[in-house]
Amino acid sequence: SQQGEEDPQALSIQEGENATMNCSYKTSINNLQWYRQNSGRGLVHLILIRSNEREKHSGRLRVTLDTSKKSSSLLITASRAADTASYFCATDVDMRFGAGTRLTVKP
Amino acid sequence: DTGVSQDPRHKITKRGQNVTFRCDPISEHNRLYWYRQTLGQGPEFLTYFQNEAQLEKSRLLSDRFSAERPKGSFSTLEIQRTEQGDSAMYLCASNPDGNTGELFFGEGSRLTVL
């Protein structure tokens, strides 16, 4: 089975609120990556965090990595309707994806 | 546009027919991956190449599926004797340096088997 598993499966928030989604994995990694997928499109890489990093920022995105718990979280601050998409994580171990988190941001 | 192109973008075929999808990765990328995705699910790994060598193939992949990457450039994914269960989006992705870098995805090829 794949390394990365996202949680929750679905998340619905109002525009302007923050969205947090989580990823758990099973074995030691060198890096973990987050991707976004708009409906019917390919995945787009958002951010990569290395095993020696604990936190990384990119615009409204904040990613944390806890290697002791084998987990990562993706925080989207001040969400917009355009953030509505599915979000996936993958690790360098196998580049596999879970079922993702489907985020809906209501205007 | 990530620079990875897939063709065709949409394919409708009758059960039992063969179909072939093509992926052109970013030119300097050594690794190329194929995934299959059905509605509401995440991308399911099918196979990947390092240059022209197919290094891993999912056990879920039946013998009706075959992939090639001649000369380590473009890749093709062929499905023989298609079944309705093959209906899905087929995604291709590449990266330049193995698993240390991010994947660049194409827009996918959507297959509908009638």
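In order, the protein sequences belong to chains S and Y. Numbering-wise (the working numbering), the first sequence opens with residue 5 and increments by one. Numbering-wise (the working numbering), the second sequence opens with residue 4 and increments by one. Built from N, CA and C at the ideal position, the CB exists for glycine as well. This one's a predicted model, so the numbers in the text were calculated from it and none came from an experiment.
Query: Close beta carbons around F101(S), own chain, < 7 Å, minus the five adjacent residues each side; Result: Q6, G8, F92 and A94
Query: Neighbouring residues, chain S, relative to Y36(Y) (Cβ below 7 Å); Result: M99
Query: Short-range partners of chain S found in the region 31-63 of chain Y, where Cβ spacing is below 7 Å; Result: Y36, Q44, G45, P46 and F48
Query: Rounded distance between the beta-carbons of R40(S) and L50(S), thought under 8 Å; Result: 6 Å
Query: Touch test, the region 70-86 of chain S against the region 69-81 of chain Y, Cβ-Cβ under 8 Å, three pairs minimum; Result: no
Query: Cβ separation of R39(Y) and Q87(Y), assumed to be a contact under 8 Å, to the nearest whole Å; Result: No, R39(Y) and Q87(Y) are not in contact; Cβ-Cβ is about 14 Å, not under 8 Å.
Query: Beta-carbon neighbours of L47(S), restricted to chain Y and to distances below 8 Å; Result: P46, L94, A96, L106 and F108
Query: Beta-carbon neighbours of G111(Y), restricted to chain S and to distances below 7 Å; Result: G46
Query: Min CB distance L79(S) to chain Y below 8 Å; Result: no
Query: Reduced DSSP category for I85(S) - H, G, I as helix; E, B as strand; rest coil; Result: First, the amino acid is wrong: residue 85(S) is Ala here, not Ile. If DSSP states are grouped into helix, strand and coil, A85(S) belongs with the helices.
Query: Rounded straight-line distance, which links the Cα of N56(S) to that of R34(Y); Result: 24 Å
Query: M25(S) vs L15(S) beta-carbon contact at 8 Å; Result: yes
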